[in-house]
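Structure record follows, encoded as structure tokens.
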Amino acid sequence: MNKLFHNTLYLRLQPDQLHALHVESGRTLAEAPLLALRHDKGIRVPLAAGKEAQALRGQEGIELANGFEHPRTLLADFGVAEKTLQLLLRKILPASLLQRAPTVILHPQALLEGGLTQVEIRGFAELLRGAGARQVFIWCGAELSRTDLETLRFPAERGTLLYPEPS
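Okay, so the sequence shown: first residue is 293 according to the working numbering, each after it adds one.
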């Protein structure tokens, strides 16, 4: 019964791959974080994300963008990244009128040399809220277990909870 009132997503992010797990249902998604855009009177109009975006590669007037690809940081283009996540999260979230906005646990897995800056952490938190998250956690460390995810437990001996900052 408790699972009916929870809606938790675990996102493991790399520049070329987003792995998502809907904790309560066990549904998974693994796709490239790509966004297909069409230019319409100077405005970039999002068309599709992930595999659907890749299928549009090479078509006239279509640009593929990756908001997570940059040599120094994992968050390269905020607008593209936000729309990509919005579209990809719709694919994995159960369709329901009564479902709460999700709690999202982001686990960046690349470009972590020296740790994430406060600007990057805040950027990821704002990005996920803009993509529809009700509550955001940012975790760096070992992969979280199903039990950790179900109870929102972040074991200090296996990593660091970067956001929200522990009080």
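Cβ atoms here follow ideal geometry from the backbone N, Cα and C, with glycine treated the same way.
With DSSP run on the structure shown, which of helix, strand or coil describes residue i?
{"i": "R438", "result": "helix"}
{"i": "L403", "result": "coil"}
{"i": "I415", "result": "What sits at residue 415 in the sequence shown is Gly, not Ile. Helix, per DSSP."}
{"i": "R382", "result": "helix"}
{"i": "H298", "result": "coil"}
{"i": "L408", "result": "coil"}
{"i": "A445", "result": "Sequence check: residue 445 is Arg here, not Ala. Of the three classes helix, strand and coil, the one that applies to R445 here is coil, per DSSP."}
{"i": "E457", "result": "coil"}
Taking residue i as part of the alpha helix (DSSP H), name the residues at either end of that continuous run.
{"i": "A345", "result": "343-347"}
{"i": "R392", "result": "Here R392 belongs to no alpha helix (DSSP H), and DSSP marks it neither H nor E."}
As a quick exercise: from the options, pick the residue whose alpha carbon is nearest that of residue i.
{"i": "G350", "options": "A328, H298, T365", "result": "A328"}
{"i": "E374", "options": "A340, E442, G318, D332", "result": "A340"}
{"i": "V337", "options": "G353, G424, G415, K343", "result": "G353"}
{"i": "L403", "options": "C432, E355, R450", "result": "C432"}
Decide if residue i is buried, meaning its Cβ has at least 16 other Cβ atoms within 10 Å, or exposed.
{"i": "P325", "result": "buried"}
{"i": "N299", "result": "buried"}
{"i": "A417", "result": "buried"}
{"i": "H362", "result": "exposed"}
Over what stretch of residues does the beta strand (DSSP E) that includes residue i continue unbroken?
{"i": "L366", "result": "Per DSSP, L366 belongs to no beta strand (DSSP E) and is neither H nor E."}
{"i": "A423", "result": "Unbroken run through A423: none, as it is neither H nor E."}
{"i": "A312", "result": "309-314"}
When DSSP builds the beta bridges, which residues end up paired with residue i?
{"i": "E355", "result": "L329"}
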